[in-house]
Amino acid sequence: MTLKKFAKPWRLHVIVEYTKTRESAYSPQRANPSDAGLDVFYSAMDQQEIIAVHPSQSVLVPTGLRFGVPHGYMLEVKNRSSVAAKLNLVVGACVIDSGYDGEVFINVHNIGRETRVIQDGDKIAQLVMIPVVHFQPQENIMGTLYEYPKTISNRGTGALGSTDVQKKKKAR
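Right under this line is the structure:
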């Protein structure tokens with residue numbers, strides 16, 4: 154068997170409609186056909202308006218866009234690697250649910266030591282579409298949560314790097 158046999162791209166195309174909340178808003182763009190996310194831009198109410206993000210400060214950056222996310226999916230806001238690496242601006246947790254109908258704002262946090270300026274039209278983040286599995290939580294009051302494991306992990310209560318410790322012990 155050759156790899157070529159399996160190299161045919163399989164793509165699922167889902168349409169996500171969007172509207173602009175103001176005429177001057179920028180349409181989301183995929184920079185390259187194989188990119189997972191769509192770039193979104195700062196859309197100022199007044200095109201001369203800038204946003205200064207001071208060190209350790211978080212700001213909500215308007216995109217001027219509303220999305221019609223299909224049921225069974227969500228859009229997740231992710232960092233643009235260049236913005237995070239070069240400007241020290243990272244996005245906070247942001248999920249756009251299928252039921253949300255308002256303008257999307259991006260929570261941007263400055264983790265650097267210098268004030269950064271965002272101008273109208275700057276790329277600020279990317280949106281990635283993710284399928285959603287709807288689940289129902291059920292409390293286990295019997296204390297038997299791991300009596301019949303649903304996973305194959307022997308991790309137990311280990312957290313925050315505990316698997317690194319296990320690997321070091323095995324390596325010795």
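Each residue of the sequence shown is one higher than the one before, counting from 154 in the numbering used here. Idealized CB from N, CA, C, for every residue including glycine.
- Looking only at R233, S196, A237 and A189, the smallest Cα-Cα distance to H166 is reached by A189.
- The secondary-structure analysis by DSSP pairs F194 across a beta bridge with K276.
- Under DSSP, K173 forms a beta bridge with L218.
- Going by DSSP, A238 is part of the alpha helix (DSSP H) stretching over S234 to L240.
- In this structure, the alpha-carbon of H262 lies about 7 angstroms from that of S209.
- With the rule of 3 Cβ pairs closer than 8 angstroms, the region 273-282 counts as touching the region 179-197.
- Counting of Cβ neighbours within 10 angstroms places D250 among the exposed residues, the total staying below 16.
- Look at N185 here: in three-state DSSP terms it is coil, with no helix or strand label.
- Per the coordinates, the alpha-carbon of Q272 lies some 8 angstroms from the alpha-carbon of Q200.
- For Y226, the enclosing beta strand (DSSP E) covers residues Y226 to K231.
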